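Residue 154 in full-length UniProt numbering sits at position 154 of the sequence shown, with consecutive numbering throughout.
For glycine and all other residues, C-beta sits at the position ideal for the given N, C-alpha and C.
Since the structure is predicted, the reported quantities are computational estimates derived from the model, not experimental observations.
For reference, the structure is listed below as structure tokens.
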Amino acid sequence: MGYGRTTLIDTDFNSVVPMPPMENGKGPNCICFSIPNPDPLISLDSQCLFVLDLLVPPGSGNNSMNPSTFEFLTHLGSMDASRPLVSSHFNSNWVWRDLPVPPFADDPVNGRAAMNCSFMLLDTKTMCISSREEGIGTYTFDMVNHKWSRAGSWALPFCGKAEYVPNLKLWVALSPPSSPHGLCALDLPANAMDFESPPELLRAWDYLHLLDDEAPYKRHLVNLGSGKFCVISFFKTLKTKYVVENIEDESAVFTGLEVCRCDDGEGAVWMIEHRSKRYTFGRFGIHCIL
Numbered sequence: 001m002g003y004g005r006t007t008l009i010d011t012d013f014n015s016v017v018p019m020p021p022m023e024n025g026k027g028p029n030c031i032c033f034s035i036p037n038p039d040p041l042i043s044l045d046s047q048c049l050f051v052l053d054l055l056v057p058p059g060s061g062n063n064s065m066n067p068s069t070f071e072f073l074t075h076l077g078s079m080d081a082s083r084p085l086v087s088s089h090f091n092s093n094w095v096w097r098d099l100p101v102p103p104f105a106d107d108p109v110n111g112r113a114a115m116n117c118s119f120m121l122l123d124t125k126t127m128c129i130s131s132r133e134e135g136i137g138t139y140t141f142d143m144v145n146h147k148w149s150r151a152g153s154w155a156l157p158f159c160g161k162a163e164y165v166p167n168l169k170l171w172v173a174l175s176p177p178s179s180p181h182g183l184c185a186l187d188l189p190a191n192a193m194d195f196e197s198p199p200e201l202l203r204a205w206d207y208l209h210l211l212d213d214e215a216p217y218k219r220h221l222v223n224l225g226s227g228k229f230c231v232i233s234f235f236k237t238l239k240t241k242y243v244v245e246n247i248e249d250e251s252a253v254f255t256g257l258e259v260c261r262c263d264d265g266e267g268a269v270w271m272i273e274h275r276s277k278r279y280t281f282g283r284f285g286i287h288c289i290l
């Protein structure tokens, strides 16, 4: 998905088809949540894709509707089980719907809040978004009733998106910027958003050990399933060329990690470090991690 264009892939039917475009494309600070349907061949009512651009344009707050900021892709009706989900016959039944933007959209620090954001899917109907920027706090969004609620003035204790690992019954995420090479795990009770303080981390580990004090300017956590992850850490370094000309090199370190429990899944939580590999891009950079 980019610049408002969306493609739907059905691996069961080996089908790929373009879907209706969004009103406007989302920027690099957008977040996405897909709500899976356990039986899509019977009903499509709960199958949705939610896309929120964290850099909300001024004047979009107070729960007003902004077509270019927060949208979800949904299906209008039932389908014939004998046809693939993404056949052209059903393409016209998929539509983008507008949603109310976050309550902090008109806050003057909104731009900085987007750069210090953490978010997670609490369950099949509740999204949680938080910012370490002072005055923002943590909010939840009901994906069924389409309503925002403030959970508290505190911020979630991790960076970026937290991924739920069903076999561990834990969330795994990148540590906050104070630990630029860290991975963490947390266990959230069902009423965690009712507390007056942020949830505590269950464990935290350093996954990358560099010879110098390099700190990444950007990190991504990619969920590979079954407790396996790849962390991509982006770095920028200056080097001198022809004595007087400074050249900025961009590189990324890809690190394979695995989070598991000891004693057949009943013991303590551990992180296993696999291989790390650095790639230097030169003048060709990576703009997005899927």
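Between which two residues does the beta strand (DSSP E) carrying Y139 extend?
Segment G137 to D142, the beta strand (DSSP E) holding Y139.
What residue ranges within the region 219-278 form continuous beta strand (DSSP E) runs of no fewer than 3 residues, ordered along the chain?
228-241 and 245-261
Assuming the contact rule is C-beta atoms closer than 8 Å, K147 and F119 should be a hit. Round their C-beta distance to whole Å, please.
That pair is no contact at about 17 Å.
Rounding to the nearest angstrom, what Cα-Cα distance links P177 and A252 in this structure?
17 Å
Assuming T124 is part of the beta strand (DSSP E), what are its boundary residues?
Element bounds for T124: n/a, residue is neither H nor E.
Rounded to the nearest angstrom, what separates H75 and L186 at their Cα positions?
Straight-line measurement puts the Cα of L186 at about 34 Å from the Cα of H75.
Residue closest to P180, alpha-carbon to alpha-carbon, out of L208, P199 and P166
L208
Looking at the secondary structure, which residues open and close the beta strand (DSSP E) in which K161 lies?
C159 to V165
Once DSSP output is grouped into helix, strand and coil, what is the label at M193?
Helix, per DSSP.
How long is the line joining the alpha carbons of P28 and E71, rounded to whole angstroms?
16 Å
Between the CA atoms of F141 and C30 - distance to the nearest angstrom
16 Å
Expressed to the nearest angstrom, what Euclidean distance is found between the alpha-carbon atoms of M19 and N223?
25 Å
Mapping DSSP to helix, strand and coil, what is P18?
strand
Determine the DSSP secondary structure at A105, reduced to helix, strand or coil.
helix
Check this for me: beta carbons of G227 and C260, under 8 Å apart or not?
For G227 and C260, yes; Cβs fall inside 8 Å.
For V16 versus T7, is the C-beta spacing smaller than 8 Å?
Cβ atoms of V16 and T7: closer than 8 Å.
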